[in-house]
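Numbering follows full-length UniProt numbering, with no gaps: position 149 of the sequence shown is 149. Even glycine gets a Cβ: it sits at the ideal position worked out from N, Cα and C. Since the structure is predicted, the reported quantities are computational estimates derived from the model, not experimental observations. Inspection log for the structure reproduced underneath, given as structure tokens.
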Amino acid sequence: MSGRVHSIESCGTVDGPGIRMVVFLSGCPMRCLYCHNPDTWDPKGGTLTSVDEILAQYDKMKHFYTKGGITVSGGEPLMQIGFVTELFAEAKKRGIHTCLDTSGITFRSDSPALLEQFDRLTAVTDLVLLDIKHIDPNEHEKLCSQPQQPVMAFEAYLEQKGIPVWIRHVVVPGITDKEEYLLRLGRYLGTRSNIKALDVLPYHDMGKVKYKNLGIPYPLESTPPLSKEAAAKARQVILAGMRESRSGRH
Ligand code: SF4
Numbered sequence: 001m002s003g004r005v006h007s008i009e010s011c012g013t014v015d016g017p018g019i020r021m022v023v024f025l026s027g028c029p030m031r032c033l034y035c036h037n038p039d040t041w042d043p044k045g046g047t048l049t050s051v052d053e054i055l056a057q058y059d060k061m062k063h064f065y066t067k068g069g070i071t072v073s074g075g076e077p078l079m080q081i082g083f084v085t086e087l088f089a090e091a092k093k094r095g096i097h098t099c100l101d102t103s104g105i106t107f108r109s110d111s112p113a114l115l116e117q118f119d120r121l122t123a124v125t126d127l128v129l130l131d132i133k134h135i136d137p138n139e140h141e142k143l144c145s146q147p148q149q150p151v152m153a154f155e156a157y158l159e160q161k162g163i164p165v166w167i168r169h170v171v172v173p174g175i176t177d178k179e180e181y182l183l184r185l186g187r188y189l190g191t192r193s194n195i196k197a198l199d200v201l202p203y204h205d206m207g208k209v210k211y212k213n214l215g216i217p218y219p220l221e222s223t224p225p226l227s228k229e230a231a232a233k234a235r236q237v238i239l240a241g242m243r244e245s246r247s248g249r250h
């Protein structure tokens with residue numbers, strides 16, 4: 001089976017544990033205002049690449065990956081769920097740690113056929129990096145043009161399956177940085193039993209040049225990048241919210 005691959009990073013260190021091969025797939029139904037990879041949006045973009053080709057590339061570098069594995073990212077990798085499932089199934093046969101970096105946006109619990117696909121995928125997935133874009137449903141839709149409900153439903157599904165999740169959250173000035181939102185996010189995370197890590201990332205505008213090259217207006221032209229220190233403070237607020245809800249105060 002082949003999938004549309006945007007690019008492959010052979011020594012990724014920020015997308016899951018250890019040193020990893022990170023496979024970025026093409027296609028994304030979200031339009032996050034802060035997206036720095038608009039070149040991954042096109043579902044017909046990328047290069048058709050087979051599972052065997054990816055694993056052959058992995059094998060050449062496997063001595064680097066002893067404490068790592070494979071991460072599939074995007075774009076939105078769930079748009080090619082069949083391909084990711086086959087890649088992970090083959091990886092698991094070789095004892096490779098598998099990690100899915102996703103927004104969860106394509107998840108639907110009311111479609112038995114789709115749920116079956118998700119069951120097959122999660123049976124061969126060791127870890128999920130789940131992006132929660134905004135804790136407020138209305139603001140979520142404004143920020144990334146898609147409803148928040150599937151994301152939360154996906155997290156509930158992963159919890160039920162016992163799949164460990166690392167949460168990712170981008171702090172964007174004027175959009176997600178309000179204390180109220182950060183606390184709400186923390187209180188929600190405090191109710192989940194499968195959250196194993198929290199990665200809070202500062203908004204940056206390094207993707208601007210890609211928008212220019214693609215002839216798309218940059219939506220956050222007047223939003224300043226956030227400092228690492230401010231992101232670290234935001235993380236503390238989220239953690240305080242988690243502690244609050246775990247101690248039963250919310
Ligand atoms: S989900 Fe990721 S790739 Fe898709 S628009 Fe948002 S930031 Fe960009």
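Assess, as a yes-or-no matter, whether the segment 235-250 is touched by the segment 174-190 under the definition of 3 or more beta carbon pairs within less than 8 Å.
yes
In terms of residue numbering, what span does the alpha helix (DSSP H) encompassing histidine 140 cover?
DSSP places histidine 140 inside the alpha helix (DSSP H), whose first and last residues are 137-144.
Looking at lysine 31 and the ligand SF4, is the gap between the Cβ and the nearest heavy atom below 7 Å?
As written in the sequence, residue 31 is arginine, which differs from the lysine given in the question. Indeed, a heavy atom of the ligand SF4 lies less than 7 Å from the Cβ.
Any idea if proline 77 is buried or exposed, counting beta-carbon neighbours within 10 angstroms, 16 or more meaning buried?
buried
Which residue comes first and which comes last in the beta strand (DSSP E) that contains proline 202?
195-202
With a threshold of 7 Å (Cβ to nearest heavy atom), would serine 103 be considered close to the ligand SF4?
yes
Nearest-angstrom Cα distance between threonine 47 and methionine 1?
Roughly 13 Å separates the two Cα atoms.
Exposed or buried, what is methionine 21 when buried is set at 16 or more other beta-carbons lying within 10 Å of its beta-carbon?
buried
If you draw a straight line from the C-alpha of methionine 152 to the C-alpha of proline 38, how long is it?
24 Å
Using the beta-carbon count (16 or more within 10 Å), is glutamine 236 buried or exposed?
exposed
By how many angstroms is the C-alpha of leucine 214 removed from the C-alpha of glycine 248?
Between glycine 248 and leucine 214, the C-alpha separation is close to 49 Å.
From proline 219 to arginine 94, what distance separates their C-alpha atoms?
43 Å
Which same chain residues, not among the five before or five after glutamate 90, have their C-beta less than 7 Å away from its C-beta?
Val51, Leu55
Around the Cβ of methionine 79, are there at least 16 other Cβ atoms within 10 angstroms (buried) or fewer (exposed)?
buried
Rank Thr49, Ile8, Val200 by C-alpha distance to the C-alpha of phenylalanine 83 and give the top, closest one.
Thr49
Where DSSP assigns a beta bridge to leucine 129, which residues make up the other side?
Asp101, Trp166
Taking the alpha carbon of leucine 182 as the point to measure from, which residue in Ile216, Asp126, Ser193, Glu139 has its own alpha carbon closest?
Glu139
In or out: cysteine 35 buried (at least 16 other Cβ within 10 Å) or exposed?
buried
Exposed or buried, what is serine 222 when buried is set at 16 or more other beta-carbons lying within 10 Å of its beta-carbon?
exposed
Should glycine 74 be listed as close to the ligand SF4, given that the test is whether its C-beta is under 7 Å from any heavy atom?
yes
Pick from Ser103, Ser73, Gly68: whose alpha carbon is nearest that of lysine 92?
Gly68
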